[in-house]
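Using the working numbering, you'd call the opening residue of the sequence shown number 1 and step up by one each time.
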Amino acid sequence: MDRADSTLVGQVVNKAFEVFQGDKSDTQRWCPLCGGFEQTGFNQYSVSPWRIVACANCDFVYLANPVTYRDLEVDQAWEANTQRENQRRQRERPVLNRLSKGTRFRLKLGPSKPNRFRIIFKQGRVLDVGCGTGNSLPSSIVPFGIEISRHLAKKADESFRKIGGRCVQADAISGIRQFADRHFNGILLHSFLEHETNPLPLLVEAQRVLDEKGVVYVRVPNFSSVNRRVMGHNWCGFRYPDHVNYFTSDTLRRMARLSGFDMHLLNWGNLIFDDNIKVVLKKAR
Ligand SMILES: [Zn+2]
Numbered sequence: 001m002d003r004a005d006s007t008l009v010g011q012v013v014n015k016a017f018e019v020f021q022g023d024k025s026d027t028q029r030w031c032p033l034c035g036g037f038e039q040t041g042f043n044q045y046s047v048s049p050w051r052i053v054a055c056a057n058c059d060f061v062y063l064a065n066p067v068t069y070r071d072l073e074v075d076q077a078w079e080a081n082t083q084r085e086n087q088r089r090q091r092e093r094p095v096l097n098r099l100s101k102g103t104r105f106r107l108k109l110g111p112s113k114p115n116r117f118r119i120i121f122k123q124g125r126v127l128d129v130g131c132g133t134g135n136s137l138p139s140s141i142v143p144f145g146i147e148i149s150r151h152l153a154k155k156a157d158e159s160f161r162k163i164g165g166r167c168v169q170a171d172a173i174s175g176i177r178q179f180a181d182r183h184f185n186g187i188l189l190h191s192f193l194e195h196e197t198n199p200l201p202l203l204v205e206a207q208r209v210l211d212e213k214g215v216v217y218v219r220v221p222n223f224s225s226v227n228r229r230v231m232g233h234n235w236c237g238f239r240y241p242d243h244v245n246y247f248t249s250d251t252l253r254r255m256a257r258l259s260g261f262d263m264h265l266l267n268w269g270n271l272i273f274d275d276n277i278k279v280v281l282k283k284a285r
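Shown next as structure tokens:
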């Protein structure tokens, strides 16, 4: 990382820390990638009161007025918002929604999450950030988790402790700060970074707690997908106000590099048609 990059990361991390301390994230948000303040509105994608904007400096697309970490513990917890979001989708596009529910079996085609992640995480300690009830990790590893929803964190903790791990109930940054340097052999950020108000500071912390040979698996919605252009604000990647960052492979790579990672794109062959970006991060050499 050169000196300009390290100054930039320091600025973004400090701003994130101010927001985290003061719970001011519902009033204003800096660009999570470059710390810039100038924004262009994306009115066609905003659903009142939620404002989607693009950074005028680096083009990163994000939600300008996310809810606070405190609200995510109960009132705006993932499980509560999922119910509200499903109701919105049913209201705005009943036919498509029914079709999607009627063909839900397609999501179960292919290997389960633990089987998919067995290829990436073979053994050792693995941290699942935003672990929900904690059923994503393969049985060959020692599971750890961070989960902000009190209800879900309790369930995950009970199941992880039986096999030597544990789950911390906290926002991701406070949670990951509780672990020592190089503590983990793997970190799972599956459908998580799009939810995190401060993704760059989180990746910096992930770099710190990861073993030299460890890997991070990241999956986020793909803002560059053809489907987003076709479906507009009805694209499945928009969730209000759950999703606060809208990555392209380019902005994800820039953020990974600033955090000290090399990014390896897994679904490069069909990326433009895929609603998700799937990558493995390794510590930069
Ligand atoms: Zn920016």
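Each residue gets a CB set at the ideal place from its N, CA and C atoms; glycine is no exception.
Ligand 1 heavy atom lying under 7 Å from the CB of residue i
i     : result
Asn57 : yes
Gly36 : yes
Phe60 : yes
Cys31 : yes
Residue i - DSSP class collapsed to helix/strand/coil
i      : result
Thr251 : helix
Gly164 : coil
His243 : coil
Asp211 : strand
Ile52  : strand
Glu196 : coil
Arg106 : Because Arg106 carries a pLDDT of 47, less than 50, the predicted location of this residue cannot be relied on, and the following value inherits that uncertainty. Helix.
His183 : coil
Thr40  : strand
Arg219 : strand
Ile173 : helix
Ile120 : coil
Gly269 : helix
Length of the line joining the Cα atoms of residue i and residue j
i      : j      : result
Arg177 : Ile119 : 27 Å
Val218 : Leu258 : 16 Å
Gln44  : Gly237 : 14 Å
Val288 : Phe60  : Residue 288 cannot be examined here, being either before or after the span of the chain that is shown, 1 to 285.
Cys152 : Gln169 : The sequence given here has Leu at residue 152, not Cys. Each residue's alpha carbon lies about 9 Å from the other.
Ser25  : Tyr69  : At Ser25, the pLDDT of 44 sits below 50, so the modelled position is not reliable; the number obtained from the coordinates is stated separately. Each residue's alpha carbon lies about 9 Å from the other.
Arg228 : Asn222 : 8 Å
Gln39  : Val53  : 6 Å
Gly214 : Arg285 : 13 Å
Lys113 : Val244 : 24 Å
Phe42  : Tyr62  : 10 Å
Leu202 : Arg91  : 35 Å
Leu33  : Arg253 : 11 Å
Gly260 : Asn115 : 28 Å
Val142 : Ser6   : 33 Å
Leu193 : Val220 : 7 Å
Arg150 : His195 : 17 Å
Trp50  : Pro241 : 7 Å
Asn267 : Phe273 : 10 Å
Pro138 : Ala172 : 21 Å
Leu265 : Asp275 : 14 Å
Arg159 : Cys131 : This sequence places Ser at residue 159; Arg is not what is there. Rounded to the nearest angstrom, the two C-alpha atoms are 12 Å apart.
Extent of the continuous beta strand (DSSP E) to which residue i belongs
i      : result
Arg125 : Arg125 to Val129
Val280 : Asn276 to Lys283
Val61  : Val61 to Leu63
Ala146 : Checking the sequence shown, residue 146 turns out to be Ile, not Ala. Per DSSP, Ile146 belongs to the beta strand (DSSP E) from Val142 to Glu147.
Asp2   : That residue, Asp2, is in no beta strand (DSSP E); it is neither H nor E in DSSP.
Leu265 : Phe261 to Leu265
Boundaries of the alpha helix (DSSP H) in which residue i is found, first to last residue
i      : result
Val226 : Val226 to Met231
At least 3 beta-carbon pairs within less than 8 Å: the segment 189-208 vs the segment 229-236: no
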